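Working notes, structure below.
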Amino acid sequence: MSTYRTNTCGELTLKDLDKKVTLSGFVSTIRDHGGVMFVDLRDHYGTTQIVVHDDAMLKGVSKETVIKVTGVVVKRDEETINKKIETGEIEVVIDSLELLSDTAKVLPFEVDESKKVSEDVRLKYRFLDLRNPKVHENIITRSKAFNFLRNKMQELGFLEIQTPILTSSSPEGARDFIIPSRKHKGKFYALPQAPQQFKQLLMASGFDKYFQLAPCFRDEDGRADRLVGEFYQLDMEMAFADQEDIMKVAEDVFPAFFKEFGKRRVTKGHFKRIPYNEAMLKYGTDKPDLRNPLEIIDVSEVFTNTEFKPFRGAIVRAIKVDDIATKPNSWFNEVVDYAKSIDMPGIGYISIMEDKSLKGPIDKFLTDEDRNALFNKAGLKEGSVLFFIADKRKDVVTRNAGLIRTELGRKLDLMDHNLFEFCFITDMPMYEISEVTGKLDFMHNPFSMPRGGEKALDEKDPLEIYADQFDVVCNGVELVSGAVRNNRPEVLVKAFEKAGYTEEDIKSKFNALYTAFGYGCPPHVGMALGIDRALMMLLEEDNVRETVAFPLNQNGEDVLTGTPNEVTELQLRETHIKLR
RNA sequence: GGUUCCGUGGUGUAGGGGUUAACACGUCUGCCUGUCACGCAGAAGAUCGCGGGUUCAAAUCUCGUCGGAACCGCCA
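Sequential numbering of the first sequence, starting at 1165, is according to our numbering.
In structure tokens form, the structure reads like this:
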């Protein structure tokens, strides 16, 4: 038996009546009624009400002090049962109390209310914040989630293998965190942005199914849904497998994971598959929220020769919404205001009235032929409203249409808030024209196998080449990225040449992979889930930092431990670093 | 790197060119034998982030700066 307790604060019930018990924990609250005092004693497992009859025992005891008490488990009177806590039918009447650890009398915040406190204060006193059961529970769930994923992957025959944390910097992708080498003057280690190269090397090493709950490091700015510095991926790779095989794993693991830890229904069966280009047209984004039933259509051809100048020669997209033609003008004005807020000049729309006549700012520019074309194309009916989004630039019109679709869905509350709806975005273009350089560049993952292999690279317009590469999107959040990898050195070289790299570049930057592939490598496929972001959704939080025990703030600092910090002159000298 | 918002006792907020800067929670003191967000009475606690400017007068207006958050860039 422990010196400190016979039981935890979360487990005593009526079946323990009359037992002599010892409990230890944090003092949550003290309610002093004169002759009788109640102390809520909290530990990791729960809260138990302690009854004190001698106020001398509470000397020095205040909120958040750590105490040990011994007493007898007593049944509460019917009218004093507290249904809010597991132990609410009993209480412990104590005869001794020992103060194990004192506390400052004035706390930086009330532990139970810590979620309402500004984040910088919470993080400065994170240890207090984490005592809050609501905050505490997230970390427990995180632990269980990691355990679940590990078990699930092992059940599926995947082998967990650790890949290096001290590795080499690669110029592509995100900024690396770099670590100076003591033994190699002027050289640096880098923390991995992802285990990408190593997991592919594992495939070349003959391991069949690899996974890892992998820490990843990127020296990039954070967001509410993106951790600064470090985050975790469920990373996996499988040999002798194609895209269908890994998609099956996705459809097995992720819904099970969301069902286990989420509070919402999860879509059953196969995920809907949407080719990238179709997603961009229908939803205006590569991470659509399918709970929103609205879809975007292209009606450019109707307006090729229109009298309405903003639409003439432009790309025109439209969103049909049924049964809203009778909304008041003010409602439509709010939509117009939203359009302006995203830098659209305005938004045109037509409403279909009871007599099938049209009403709206755009109507006077339409010919009967146009009207017929729109009716057919959009499936308009009485009560429908068709919103138009136009611009000469394809990326702008696509983005704006997507934003309008989302706003209409939100405004009309069309979404099922009790659902996690997954889909695959497939058929990713291999290349795109970089906005920065104007040259051909990889759109996503350069290690993906171009569909059609060498032949496609030789014969096709690069912008027409697709990859067996996919994302898993849930409720408009990109959770997973996966792809069939390029395991053929000669194809790899060709694929990189299109993006302006030489064989020498590949040899110097990705020497390990290039060399390994030269000695035979099974065809392989893999994907990675952003665990923190998935947890954020499962915990219904709107900030990823709520899923991590000790997150860095947006400025990349941990104000509790003082990270990052300065190092000694000696450390600098040994690692050949000179500050200036 | 950029944009926007925020910064007022320990915490969360209100207020707003002028006198004791308000409220809730917390803290302290006293009362109370059944509360569980206990209650009641009282007290302490803030140069309103920092610096400059305008003004007879700045916590308030203004400029700058620092800090935080959200978004854009960035995140193959």
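Where is the CB? At the ideal position from N, CA and C, for every residue including glycine. For clarity, every value in this text was computed on a predicted model and none was experimentally measured.
Taking 8 Å as the cut-off, decide whether the C-beta atoms of residue i and residue j are in contact.
{"i": "Y1374", "j": "F1421", "result": "no"}
{"i": "V1203", "j": "I1194", "result": "yes"}
{"i": "Y1748", "j": "R1615", "result": "Residue 1748 falls outside the range modelled here, since the chain spans only 1165 to 1744, and no answer is possible."}
{"i": "E1453", "j": "Y1440", "result": "According to the sequence as given, residue 1453 is Asp; it is not Glu. Not a contact, by the Cβ cut-off of 8 Å."}
{"i": "F1425", "j": "A1309", "result": "yes"}
{"i": "Y1464", "j": "K1673", "result": "Before going further, note that residue 1464 is Ser rather than Tyr in the sequence given. Cβ distance not < 8 Å, so S1464 and K1673 don't count as in contact."}
{"i": "V1185", "j": "T1167", "result": "no"}
{"i": "Q1326", "j": "Q1376", "result": "yes"}
{"i": "I1460", "j": "G1448", "result": "yes"}
{"i": "G1210", "j": "T1234", "result": "no"}
{"i": "M1444", "j": "G1690", "result": "no"}
{"i": "D1406", "j": "V1648", "result": "yes"}
Out of curiosity, what's the CA-to-CA distance linking residue i and residue j?
{"i": "L1578", "j": "N1315", "result": "37 Å"}
{"i": "G1370", "j": "P1686", "result": "8 Å"}
{"i": "K1432", "j": "P1419", "result": "8 Å"}
{"i": "F1552", "j": "S1192", "result": "57 Å"}
{"i": "D1501", "j": "S1548", "result": "20 Å"}
{"i": "A1676", "j": "P1728", "result": "32 Å"}
{"i": "Q1364", "j": "L1261", "result": "59 Å"}
{"i": "H1300", "j": "M1411", "result": "34 Å"}
{"i": "A1414", "j": "H1217", "result": "59 Å"}
{"i": "F1312", "j": "E1721", "result": "30 Å"}
{"i": "V1392", "j": "A1268", "result": "32 Å"}
{"i": "A1698", "j": "L1458", "result": "25 Å"}
{"i": "H1348", "j": "R1437", "result": "49 Å"}
{"i": "L1205", "j": "E1599", "result": "60 Å"}
{"i": "L1530", "j": "I1597", "result": "36 Å"}
{"i": "D1632", "j": "K1446", "result": "21 Å"}
{"i": "F1496", "j": "G1543", "result": "21 Å"}
{"i": "M1607", "j": "P1593", "result": "7 Å"}
{"i": "F1472", "j": "N1650", "result": "49 Å"}
{"i": "V1636", "j": "T1251", "result": "42 Å"}
Closer than 6 Å by C-beta to residue i: which residues in its own chain qualify, once you throw out the five before and the five after it? Chain order, please.
{"i": "I1514", "result": "L1522, G1524, I1526, D1527, L1550"}
{"i": "C1638", "result": "F1584, F1586"}
{"i": "A1358", "result": "C1380"}
{"i": "N1707", "result": "A1388"}
{"i": "R1428", "result": "N1582, L1583, F1584"}
{"i": "P1344", "result": "F1352, T1739, I1741"}
{"i": "F1660", "result": "I1670"}
{"i": "M1517", "result": "K1523"}
Assuming residue i and residue j form a contact by the criterion Cβ under 8 Å, report the distance between their Cβ atoms to the nearest whole angstrom.
{"i": "I1506", "j": "N1564", "result": "6 Å"}
{"i": "L1643", "j": "Q1397", "result": "No, L1643 and Q1397 are not in contact; Cβ-Cβ is about 10 Å, not under 8 Å."}
{"i": "R1346", "j": "T1732", "result": "R1346 to T1732, Cβ: 13 Å. No contact."}
{"i": "F1395", "j": "D1591", "result": "In fact, because the Cβ distance is near 27 Å, the residues do not count as touching under 8 Å."}
For residue i, which residues in the same chain have their Cβ closer than 7 Å to its Cβ, ignoring the five residues on either side in sequence?
{"i": "D1555", "result": "A1478, I1479, V1561, N1564"}
{"i": "R1286", "result": "S1278, D1293"}
{"i": "K1662", "result": "Y1595, L1604, L1621, P1626"}
{"i": "L1703", "result": "N1302, T1305, E1710, T1711"}
{"i": "G1337", "result": "Q1357"}
For residue i, I'd like the list of residues in its chain whose CB is within less than 8 Å of its CB, leaving aside the five on either flank, ordered along the chain.
{"i": "P1653", "result": "Y1678, F1681, G1682"}
{"i": "L1163", "result": "A question about residue 1163 goes unanswered here, because the residues of the chain that appear run from 1165 up to 1744."}
{"i": "S1226", "result": "V1191, I1194, T1267, K1269"}
Whole beta strand (DSSP E) elements within the segment 1347-1398, 3-residue minimum: With a minimum length of 3 residues, the continuous beta strand (DSSP E) runs that stay inside the segment 1347-1398 are 1352-1354, 1373-1382.
Beta strand (DSSP E) runs wholly inside the segment 1449-1527, at least 3 long, in chain order: Here the runs fully enclosed are 1460-1462, 1479-1485, 1512-1516.
3 or more residues per run - each beta strand (DSSP E) lying fully within the segment 1607-1648: Taking only runs of at least 3 residues, the beta strand (DSSP E) segments lying wholly in the segment 1607-1648 are 1633-1638, 1641-1648.
Entirely enclosed beta strand (DSSP E) segments - the segment 1546-1591, minimum 3 residues: Correct list: 1549-1555, 1586-1590.
Unbroken stretches of the alpha helix (DSSP H), 4 residues or longer, contained in the segment 1412-1436: Taking only runs of at least 4 residues, no alpha helix (DSSP H) segment lies wholly in the segment 1412-1436.
Runs of beta strand (DSSP E) wholly within the segment 1651-1726 (minimum 3 residues, chain order): If we require 3 residues or more, the beta strand (DSSP E) runs fully inside the segment 1651-1726 come out as 1688-1694.
Every unbroken beta strand (DSSP E) inside the segment 1258-1340 [3 residues or more]: Along the segment 1258-1340, the beta strand (DSSP E) does not occur as any fully enclosed run of 3 or more residues.
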